[in-house]
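To keep things clear, I will list the structure first and then write my remarks on it.
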Amino acid sequence: MADEKYQTLDLPMNEVFDWSEDKTPLRDALWNHYMDESNKNTSATLKHLKAYQTMSSDEIKTEAEKVLK
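Numbering of the sequence shown is given in the numbering used here, commencing with residue 3 and proceeding in unit increments.
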């Protein structure tokens, strides 16, 4: 199960979401979003991303879409 969710994070955005043409891996897109949101605060960004470690693949997609779309 863990492999599946980490695989989801490593997929390009355009493979995870039909609305995206971005080829950036989802993990990197989330990192960039939270870094921008936290004014480049690495600690705050890591706290946000840590939450994704406990989510299923479907939950990752749902939550990522909320912040990236």
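We put the beta carbon where it would ideally sit given N, CA and C, even for glycine. From a predicted model like this one, the values you see are computed outputs, not experimental measurements.
With a CB to CB cut of under 7 Å and the five nearest residues on each side skipped, what residues in its chain are close to residue i?
i, result
"residue 22", "15 and 16"
Assuming residue i contacts residue j under a Cβ cut-off of 8 Å, what Cβ separation, rounded to an integer in Å, is found between them?
i, j, result
"residue 66", "residue 28", "6 Å"
"residue 26", "residue 18", "Contact doesn't hold; Cβ gap of about 10 Å is too wide."
Going by beta carbon distance, what residues of the same chain come within less than 6 Å of residue i, once the five residues before and after it are set aside?
i, result
"residue 37", "47"
"residue 3", "Confidence at residue 3 is low in this model, with a pLDDT of 43, below 50, so its placement is unreliable and the value that follows should be read with caution. Excluding residues within five positions, none has a Cβ falling inside 6 Å."
Which same chain residues, not among the five before or five after residue i, have their C-beta less than 8 Å away from its C-beta?
i, result
"residue 24", "14, 15, 16 and 31"
"residue 33", "47 and 51"
"residue 44", "37"
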